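Chemist: Sharing a structure, written as structure tokens. Questions coming.
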Amino acid sequence: MSTQPPSTHHIELCRGARTGQCPHALPVPDELADAIAGAAESSGWPAFLVSACAPRPPRHHEMFRISVAACANGCSRPHIADIGVIFSERPAPPASCSGCGACVEACPDDALELDVAGRPVLDAKACLACGKCVAACPEGSMRVTESGCRFLLGGKLGRRPRLAVELPGFVDPEALPERVAGWLTVYMAGYEPGSRFADVVERIGLHRLLGVVRDKGDPASMAPCARSDAA
Ligand code: SF4
Ligand code: SF4
Ligand code: SF4
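At position 22 of the sequence shown the residue is numbered 22 (the UniProt record's numbering), and the sequence of numbers has no breaks.
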């Protein structure tokens, strides 16, 4: 009789990321889920969690969850996953165009308006980098200045739900597997029985997270001191 290995991680893709069959989906590499799964396995997480939970198998809520959404609508619920990934495009309004207003109409977040000269002006704080205005522009005047993935950490449901913290900037899709492995390393270094990744993120602290990512861009550089901060 064959026995299934215990589930230690789960990667959920929204329909657009899985099939491309969603009008809102930005392009997602075909092999992304396999690459992330491979990186999670290479990090040592599966054996670590099995060993940490022994003699019982890991429970469902102890699985590490990675959620990938192909647009800001977030149908795969990246804000309540251990790691959330949202494919994104940051727009740049043109210096001049016909001023047709199609981009303003297309924006679900009221992040664009036409100025007195009929030029679109972007409210960068309101913009969720969904790329709809770029797709809506009939002249191709609205450009993409940056594309990549918004990256969120430490969301969870349960008795004390917590929304994930979003790190600044975009992550290159090709770097996602390595990033996931790096954060799993941080989690393993700070792991305590019964703790969730959200607890470790909270313990490290947003200020320090942002500082390390800004200065080094490498989450694994936090691993040696993650647990000692809990004291
Ligand atoms: S997150 Fe966006 S791309 Fe993915 S299924 Fe939902 S609407 Fe479509
Ligand atoms: S990228 Fe999306 S949220 Fe940002 S201005 Fe364009 S339509 Fe609005
Ligand atoms: S949709 Fe394109 S042409 Fe129309 S106002 Fe926006 S940027 Fe200008």
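All C-beta atoms, glycine included, are put in the ideal place defined by N, C-alpha and C. In this text, all values refer to a predicted model and were calculated from it rather than measured experimentally.
With distances taken Cα to Cα, identify the nearest neighbour of V200 among T185, E146, A37, S98.
Modeler: Among T185, E146, A37, S98, the Cα nearest to that of V200 is on T185.
Chemist: In its own chain, which residues sit with a C-beta less than 7 angstroms from the C-beta of A198, not counting the 5 before and 5 after it?
Modeler: Only G154, G155, K156, R162 meet the Cβ criterion.
Chemist: Using beta-carbon positions only, say whether V171 and C149 come within less than 8 angstroms of one another.
Modeler: Yes, the pair counts as a contact, with Cβ atoms nearer than the cut-off.
Chemist: Classify P46: buried if its beta carbon has 16 or more other beta carbons within 10 angstroms, exposed otherwise.
Modeler: Looking at its Cβ environment, which holds 16 or more other Cβ atoms inside 10 Å, P46 is buried.
Chemist: So what does DSSP say about C130, is it helix, strand or coil?
Modeler: It is a strand residue.
Chemist: Quick one, which of A17, C137, T8, D215 has its alpha-carbon nearest N73's?
Modeler: Nearest of A17, C137, T8, D215 to N73, Cα basis: A17.
Chemist: Using CA coordinates, which residue listed in A181, V165, P193 is at the minimum distance from A39?
Modeler: Of the listed residues, the one whose Cα sits closest to A39 is A181.
Chemist: Taking F48 as part of the beta strand (DSSP E), name the residues at either end of that continuous run.
Modeler: Segment 45-53 is the alpha helix (DSSP H) holding F48; no beta strand (DSSP E) there.
Chemist: For R162, does the three-state DSSP call read helix, strand or coil?
Modeler: Strand at R162.
Chemist: Around ligand 4, which residues pass a check of Cβ closer than 7 angstroms to any of its heavy atoms?
Modeler: Ligand 4 is absent from the structure shown, which contains only ligand 1, ligand 2 and ligand 3.
Chemist: Compute the Euclidean distance between the alpha carbons of G20 and S76, then round it to the nearest angstrom.
Modeler: Distance between the alpha carbons of G20 and S76 is about 14 angstroms.
Chemist: Less than 7 angstroms between the CB of H24 and some heavy atom of ligand 1, yes or no?
Modeler: True, at least one ligand heavy atom lies under 7 angstroms from that Cβ.
Chemist: Mapping DSSP to helix, strand and coil, what is L206?
Modeler: Note: L206 maps to helix in three-state DSSP.
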